[in-house]
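Participant: Take a look at this one; I'll ask things after.
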DNA sequence: CTAGGGTTAG
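In our numbering, the protein residues as written are 5 to 625.
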């Protein structure tokens, strides 16, 4: 692009105007580079017209800078060029946009003062922008003070204020203000839905959603994503179906949320249906939709389709790459995950902390001790990434499963940040794997466990080495402290419907048939000499769980149901909320062989792909 | 050109 410097003297009025339009086009085009902005800046310095068209040009310059990666340049331009030339409320508006982007409280305050001084306080639009800018700079009280003294408040003022309260977790003030809105519109109601759900009160959000006089696609999106973020994916899918029956057209944002729900449920059929919907309705495969699709396929254990989507995307960004790396790592394709990472770095893309969670996860699942250690101690540093809790958890897991329990403990003791229970539990996992009871006891004390998972793990560990008195002791502690074991829950999707099974629950309509099937399999298994040490492993701590020792862990129920309700030979996909139980893992290997089925189970941390009696985790999880 | 909804980890 050629930018000719204009010498004002030699230029006719017409060509000046044309030149102005060209510059405005450039200023308003998103593809104009910062360098070009600077060239235009220089050109404008050579002019000194006081006409209205130059004002428009100057304002365009401000806006272009505000939208650029260096928004503060807008202020430099304003100070040097516009001090002695006319400017108006739009100039201030764009300066505010620049303040917002750079989160500059000083600039916002400065514009606020100018606004008051010049008698622009009655321009509500401008005042609203100032209000938003204060809130963005975490000065919620300043925003509220401004709100209270504004000569006029319109619906935008109210909505902004309510939204900022909601965002900061202050639903009391948000709701109080909502009640004062003279005529709430759809946006106001939606803000309230968003507020309640993002503060964890899904039922309040749902109530508002039902109450609101009308709903548009954004309202539906707020409600659906609220369900997803509050771990209610089933409700999210139900709402999505309801939305379709009410003839509200979903957009790509809706689909992102719904795909995320499918992922957490392992609902492959529904996920595929949405993928078809995406194609049929010609949605662009942007990075958002792309990541959501990759994640959905990954979490359903279908990596070839995840890779296929990755290849078809219009554009890649950090998220799409991270989604694929993590998917590969979770599904046990450790080498491919690392290849992907290396390629990304070779191509000059900067990994972030999420990338390294995936990389370390891959090393952990692949048992790549050296590579993982190098990435943790060297590569991350090279990219200027400070390890966070998740990285430590991965690293402890990697050391632990490699049998380096002492090193793992040392890593935790030397952490510059306080280890959380996830980190400690990673070490506990290593203790379980290598049957190190002493360290496990120490770790459990460290955790000051609030959840019961740690005690259960410890108790299982005692059981696995035959220390029954200790098993009993832990049971008593749990009872004494009122700690409940989190029930195991597994789900399977059959004919687009999610069936949930809770450990020991017999409420499923086909419960009897499921038991019959499991019994039949149990017979075959014992004929083949499958009993091994199950009595040891199955000894559990709660009375009611002894009943489940008969083969009614949630994953077994789900597998039994899958076997009797799908066509022979088809793949079973199951999602479990806890760690895979050892006995069930053994049984599933066996079942995959005698029933000639591929069985994919996603547990709390990773995937198990069973085929012909073998599991992809190599019995190492 | 001021107000509402989105993807990736654990």
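A virtual CB, placed ideally from N, CA and C, is assigned to each residue, including glycine.
1. Would DSSP call residue 487 helix, strand or coil?
2. Roughly how many angstroms separate the alpha carbons of residue 428 and residue 489, rounded to a whole number?
3. Find out if the Cβ-Cβ distance for the pair residue 237, residue 265 is shorter than 8 Å.
4. For residue 323, which three-state DSSP category applies?
5. Quick check: what's the CA-CA separation for residue 606 versus residue 287?
6. Applying the criterion that 16 or more other CB atoms from any shown protein chain within 10 Å of the CB defines a buried residue, is residue 588 buried or exposed?
7. Quick check on the burial criterion: 16 or more other C-beta atoms within 10 angstroms. Buried or exposed for residue 131?
8. For residue 495, which of helix, strand or coil comes out of DSSP?
9. Since residue 501 is in the beta strand (DSSP E), which residue starts that stretch and which ends it?
10. Could you tell me the distance, in whole angstroms, from the CA atom of residue 93 to the CA atom of residue 65?
11. Looking at the structure shown, is residue 611 part of a helix, part of a strand, or coil, going by DSSP?
12. With a threshold of 8 Å, are at least 3 pairs of Cβ atoms found where one atom belongs to the segment 292-303 and the other to the segment 254-264?
13. Among the residues of its own chain, which have a CB less than 6 Å from the CB of residue 201, if the five just before and after it don't count?
14. So residue 144 and residue 168 are in contact, right, with Cβ under 8 Å, and what is the actual spacing, rounded?
15. When the distance is taken between beta carbons, is residue 221 closer than 8 Å to residue 258?
16. Three or more C-beta pairs closer than 8 Å, one from the segment 436-451 and one from the segment 480-497: is that the case here?
17. With residue 332 and residue 373 assumed to form a contact (beta carbons below 8 Å), what rounded beta-carbon distance in angstroms separates them?
18. Tell me which residue opens and which closes the beta strand (DSSP E) that residue 426 is part of.
19. In terms of residues, what are the limits of the beta strand (DSSP E) holding residue 580?
20. Have a look at 343, 312, 357 and 350 and flag the residue whose alpha-carbon is nearest the alpha-carbon of residue 323.
21. DSSP three-state call for residue 622: helix, strand or coil?
22. Could you tell me whether the segment 182-200 touches the segment 155-162, using the rule of 3 or more Cβ pairs below 8 Å?
23. Please look up how many angstroms separate the CB atoms of residue 269 and residue 578, rounded, as I've assumed it's under 8 Å.
24. Could you tell me which of 596, 533 and 514 sits nearest to residue 4, measuring between CA atoms?
25. Taking only runs that begin and end inside the segment 362-402, name each unbroken alpha helix (DSSP H) of 4 or more residues, in chain order.
26. Sorted by chain position, which residues of the same chain lie with C-beta nearer than 7 Å to residue 313's C-beta, five sequence neighbours on each side aside?
27. Cα-Cα, which of 366, 390, 315 and 334 is closest to residue 342?
28. Ordered along the chain, which non-local residues of its own chain (more than five positions away) have a Cβ less than 7 Å from that of residue 433?
29. Quick one: what's got a C-beta closer than 6 Å to residue 368's C-beta in the same chain, skipping five residues either side?
30. Could you name the residues of the same chain whose beta carbon sits closer than 7 Å to that of residue 598, not counting the 5 residues immediately before and after it, in chain order?
31. I need the boundaries of the alpha helix (DSSP H) containing residue 221, first residue and last residue.
32. Below 8 Å, can you find three or more Cβ-Cβ pairs linking the segment 380-391 to the segment 405-414?
33. Taking the C-alpha atoms as reference points, what is the distance between residue 376 and residue 413?
34. If you follow the beta strand (DSSP E) that residue 190 is in, where does it begin and where does it stop?
35. Taking the continuous alpha helix (DSSP H) assigned at residue 245, which residues delimit it?
36. Can you tell me where the beta strand (DSSP E) with residue 604 in it begins and where it stops?
Facilitator: In short:
1. The sequence position of residue 487 within the first chain is 483, counting from 1. DSSP, read as helix, strand or coil, puts residue 487 in coil.
2. Here residue 428 is taken as the residue at index 424 of the first chain, counted from 1. Here residue 489 is taken as the residue at index 485 of the first chain, counted from 1. When rounded, the separation of the alpha-carbon atoms in residue 428 and residue 489 is 19 Å.
3. For the purposes of this step, residue 237 is identified with residue 233 of the first chain, where counting begins at 1. For the purposes of this step, residue 265 is identified with residue 261 of the first chain, where counting begins at 1. Contact flag set, yes.
4. Mapped onto the first chain, residue 323 falls at position 319. Correct three-state label for residue 323: helix.
5. Indexing the first chain from 1 puts residue 606 at position 602. Indexing the first chain from 1 puts residue 287 at position 283. Their backbone Cα atoms lie some 30 Å apart in a straight line.
6. For the purposes of this step, residue 588 is taken as the residue at position 584 of the first chain. So residue 588 ends up on the buried side.
7. Taking the first chain and counting its residues from 1, the one referred to as residue 131 is at position 127. That one is buried.
8. In the first chain, counting from the first residue as 1, residue 495 sits at position 491. In this structure, residue 495 counts as strand in the three-state DSSP scheme.
9. Start at 1 with the first residue of the first chain, and residue 501 comes out as number 497. Segment 501-506, the beta strand (DSSP E) holding residue 501.
10. Position 89 of the first chain, counting from 1, holds the residue named residue 93. Position 61 of the first chain, counting from 1, holds the residue named residue 65. Approximately 15 Å, taken between the alpha carbons.
11. To locate residue 611, count along the first chain from 1; it is residue 607. In the three-state reduction of the DSSP assignment, residue 611 falls in the strand class, which pools E and B.
12. Taking 8 Å as the limit for Cβ pairs, the verdict is that the segment 254-264 does touch the segment 292-303.
13. If you number the first chain from 1, residue 201 lands on position 197. In the same chain as residue 201, and ignoring 5 residues on each side of it, the C-beta atoms closer than 6 Å to its own belong to 209 and 230, in chain order.
14. By 1-based counting over the first chain, the position of residue 144 is 140. By 1-based counting over the first chain, the position of residue 168 is 164. The Cβ separation is near 6 Å, so the contact holds.
15. Indexing the first chain from 1 puts residue 258 at position 254. Indexing the first chain from 1 puts residue 221 at position 217. Yes, these two residues count as a Cβ contact at 8 Å.
16. As far as the Cβ criterion goes, the segment 436-451 does not touch the segment 480-497, which means the pair count is below three.
17. As a first step, residue 332 must be located in the first chain, where it is residue number 328. As a first step, residue 373 must be located in the first chain, where it is residue number 369. Between residue 373 and residue 332 the Cβ distance is about 19 Å, and since that is not below 8 Å, they are no contact.
18. By 1-based counting over the first chain, the position of residue 426 is 422. Per DSSP, residue 426 belongs to no beta strand (DSSP E); it is in the alpha helix (DSSP H), 425-437.
19. One-based indexing of the first chain puts residue 580 at position 576. Per DSSP, residue 580 belongs to the beta strand (DSSP E) from 576-580.
20. Within the first chain, residue 323 is the residue found at index 319, counting from 1. Residue 357 is the option with its Cα nearest to residue 323.
21. Here residue 622 is taken as the residue at index 618 of the first chain, counted from 1. The answer is coil: DSSP assigns residue 622 none of H, G, I, E or B.
22. Judged by Cβ distances under 8 Å, the segment 182-200 makes contact with the segment 155-162, as three or more pairs qualify.
23. Numbered from 1 along the first chain, position 265 holds the residue referred to as residue 269. Numbered from 1 along the first chain, position 574 holds the residue referred to as residue 578. Between residue 578 and residue 269 the Cβ distance is about 11 Å, and since that is not below 8 Å, they are no contact.
24. Look at the range of the chain in this structure, 5 to 625, and you will see that residue 4 is not part of it.
25. If we require 4 residues or more, the alpha helix (DSSP H) runs fully inside the segment 362-402 come out as 373-378.
26. Taking the first chain and counting its residues from 1, the one referred to as residue 313 is at position 309. Cβ neighbours of residue 313 beyond the five flanking positions: 294, 297, 298 and 301.
27. On the first chain, residue 342 is found 338 positions in, with the first residue counted as 1. Minimum Cα distance to residue 342 is reached at 366.
28. Here residue 433 corresponds to residue number 429 of the first chain, with the count starting at 1. Only residues of its own chain outside the window of five on either side were considered, and among them 401 and 404 have a CB closer than 7 Å to the CB of residue 433, listed in chain order.
29. In the first chain, residue 368 corresponds to position 364, counting from 1. Excluding its 5 nearest sequence neighbours in each direction, residue 368 has C-beta neighbours in its own chain below 6 Å: 398, 401 and 402, listed in chain order.
30. Counting from one through the first chain, the residue named residue 598 turns up at place 594. Sequence-distant partners of residue 598 (beyond 5 residues in either direction) whose C-beta falls short of 7 Å from its own C-beta, in its chain, are 528.
31. Looking up residue 221 in the first chain gives position 217. Residue 221 -> alpha helix (DSSP H) spans 221-233.
32. Counting Cβ pairs under 8 Å, fewer than three are found: no touch.
33. The sequence position of residue 376 within the first chain is 372, counting from 1. The sequence position of residue 413 within the first chain is 409, counting from 1. Roughly 17 Å between the two C-alpha positions.
34. For this step, residue 190 is matched to residue 186 along the first chain. From DSSP, residue 190 is part of no beta strand (DSSP E) but of the alpha helix (DSSP H) over 190-202.
35. The count along the first chain starts at 1 and reaches residue 245 at position 241. Residues 237-249.
36. As a working mapping, residue 604 is identified with position 600 in the first chain. 603-606 is the span of the beta strand (DSSP E), which, as asked, contains residue 604.
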